[in-house]
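One line per chain: the protein sequences are X and A, in this order. For the first sequence, this note's numbering begins at 1 and goes up steadily by one. For the second sequence, this note's numbering begins at 1 and goes up steadily by one. Comments concern the structure below.
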Amino acid sequence: MNQSEALINKLKRGDQSGFTAVMDLYQDMVYNTAISIVQNADDADDITQEVFVQVYLSINSFKGESKLSTWLYRITISKALDHEKRKKRKKRFAFVQSLVGGQDNEQLHPVEFNHPGIQLERKERAAELFKALKRLPDKQRVAFTLHKIEGQSYQEIAEIMNTSLYAVESLMGRAKTNLKKLLFNYYEEKF
Amino acid sequence: MNKKENINQLIDEAINSVEDVKRAAPMPFLLTRVYARLNKAKENMWEKATGFIGRPAIAIPGLILLIVINVTVVIFNRADPFTTSTEQSAQPSSDEFSDAVATIYDI
Numbered sequence: 001m002n003q004s005e006a007l008i009n010k011l012k013r014g015d016q017s018g019f020t021a022v023m024d025l026y027q028d029m030v031y032n033t034a035i036s037i038v039q040n041a042d043d044a045d046d047i048t049q050e051v052f053v054q055v056y057l058s059i060n061s062f063k064g065e066s067k068l069s070t071w072l073y074r075i076t077i078s079k080a081l082d083h084e085k086r087k088k089r090k091k092r093f094a095f096v097q098s099l100v101g102g103q104d105n106e107q108l109h110p111v112e113f114n115h116p117g118i119q120l121e122r123k124e125r126a127a128e129l130f131k132a133l134k135r136l137p138d139k140q141r142v143a144f145t146l147h148k149i150e151g152q153s154y155q156e157i158a159e160i161m162n163t164s165l166y167a168v169e170s171l172m173g174r175a176k177t178n179l180k181k182l183l184f185n186y187y188e189e190k191f
Numbered sequence: 001m002n003k004k005e006n007i008n009q010l011i012d013e014a015i016n017s018v019e020d021v022k023r024a025a026p027m028p029f030l031l032t033r034v035y036a037r038l039n040k041a042k043e044n045m046w047e048k049a050t051g052f053i054g055r056p057a058i059a060i061p062g063l064i065l066l067i068v069i070n071v072t073v074v075i076f077n078r079a080d081p082f083t084t085s086t087e088q089s090a091q092p093s094s095d096e097f098s099d100a101v102a103t104i105y106d107i
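Here it is as structure tokens:
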């Protein structure tokens with residue numbers, strides 16, 4: 001029995017030490033994935049908490065057909081994308097409110113996102129990349145995030161996204177092309 | 001360097017800016033916050049359950065069902081003492097004519 005299986009068994013028995021160990025092992029992975037998708041530290045923290053609450057409550061539904069990390073990635077991505085959708089709905093509502101008279105500047109014009117793990121000299125370019133990433137379709141954004149920021153291989157991404165290796169390669173290709181287009185338009189307007 | 005080349009260089013820099021990125025870590029005391037949320041989730045489950053039972057659409061049919069069950073039980077139990085009393089009254093008469101019953105002459 002490997003470490004992961006032992007942890008899952010502990011979790012299924014309701015052992016608190018098992019849950020603490022899972023959190024110690026995976027909290028950075030979950031938080032980093034969430035923050036890269038939602039691009040907001042507070043929201044990412046909220047999502048991380050939600051992910052671990054779900055892990056605790058639904059560990060018995062985990063059949064062990066995939067790795068624990070794969071399962072955690074799936075929950076995190078699903079929660080982060082749901083969060084994004086909710087935020088977009090709120091943003092539309094805020095826009096309507098602003099037309100009527102109310103003001104909600106923070107929701108309408110979110111502040112520039114700086115990923116905490118990026119080197120200082122690259123922060124400006126990275127902020128521009130993250131801005132462009134927000135405009136990609138969900139699947140392309142997830143594939144790019146998992147590969148470039150989480151350092152996952154195409155094979156692992158295929159498992160996480162429950163798709164084929166070929167589909168991941170295609171998603172990555174389209175993500176890079178779209179990002180280049182978006183960045184080109186951005187820099188062309190800037191200069 | 002012309003404008004297009006300059007832009008292409010910036011694009012490459014932007015795409016490569018996330019190479020070797022370090023993992024971001026959550027704020028401290030995440031475990032405490034998760035446990036607090038777990039307790040809240042458990043409380044919410046009870047609140048949801050009581051809220052569900054308390055809804056008129058569930059509560060009223062539930063109450064009616066309970067009354068019907070009670071009335072049925074009472075009706076069936078009324079019939080039962082009658083049959084037991086007839087059995088009891090029949091018992092001595094059968095004992096009376098039984099050879100196995102000991103009489104004072106047997107002692």
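Think of the CB as a built atom: it goes at the ideal place given N, C-alpha and C, for glycine as much as any other residue. Given the structure is predicted, the values throughout are model-derived calculations rather than measurements.
Check                                                                                                                                                                                : Outcome
Given that alanine 24 of chain A touches chain X, what residues does it touch there, using C-beta distances under 7 angstroms?                                                       : Tyr31, Asn32, Ile35, His115, Pro116 and Gly117
Please list, in chain order, the chain X residues whose beta carbon lies closer than 7 angstroms to that of lysine 3 of chain A.                                                     : Phe191
When burial is assigned at 16 or more other CB atoms within 10 Å of the CB, is proline 26 of chain A buried or exposed?                                                              : buried
Alpha carbon to alpha carbon, how far is phenylalanine 95 of chain X from proline 56 of chain A? Give it in angstroms, no decimals.                                                  : 39 angstroms
Nearest chain A C-beta to threonine 163 of chain X closer than 8 angstroms, yes or no?                                                                                               : no
Note the first and the last residue of the continuous alpha helix (DSSP H) segment covering alanine 24 of chain A.                                                                   : Premise fails: alanine 24 of chain A is in no alpha helix (DSSP H) and is neither H nor E.
Please list, in chain order, the chain A residues whose beta carbon lies closer than 7 angstroms to that of tyrosine 56 of chain X.                                                  : Leu38
At the level of alpha carbons, what is the spacing between glutamate 112 of chain X and lysine 131 of chain X?                                                                       : 8 angstroms
Considering leucine 57 of chain X, what are the terminal residues of the alpha helix (DSSP H) in which it resides?                                                                   : 41-58
Output the distance between the C-alpha atoms of lysine 40 of chain A and alanine 49 of chain A, rounded to the nearest integer angstrom.                                            : 14 angstroms
Taking one C-beta from the region 8-19 of chain X and one from the region 54-65 of chain X each time, how about it: are there three or more such pairs within less than 8 angstroms? : yes
In terms of residue numbering, what span does the alpha helix (DSSP H) encompassing arginine 174 of chain X cover?                                                                   : 165-190
Could you name the residues of chain A that arginine 122 of chain X contacts, counting a contact when the two beta carbons are closer than 7 angstroms?                              : Ser17
For glutamate 5 of chain A, report the span of its alpha helix (DSSP H) as first-last.                                                                                               : 3-16
So does the region 111-127 of chain X actually touch the region 80-90 of chain X, counting three or more Cβ pairs closer than 8 angstroms?                                           : no
May I have the straight-line CA-CA distance separating isoleucine 37 of chain X from leucine 63 of chain A, to the nearest angstrom?                                                 : 50 angstroms
With 8 angstroms as the C-beta to C-beta threshold (strictly closer), list the residues of the region 37-69 of chain A near chain X in chain order.                                  : Arg37, Leu38 and Ala41
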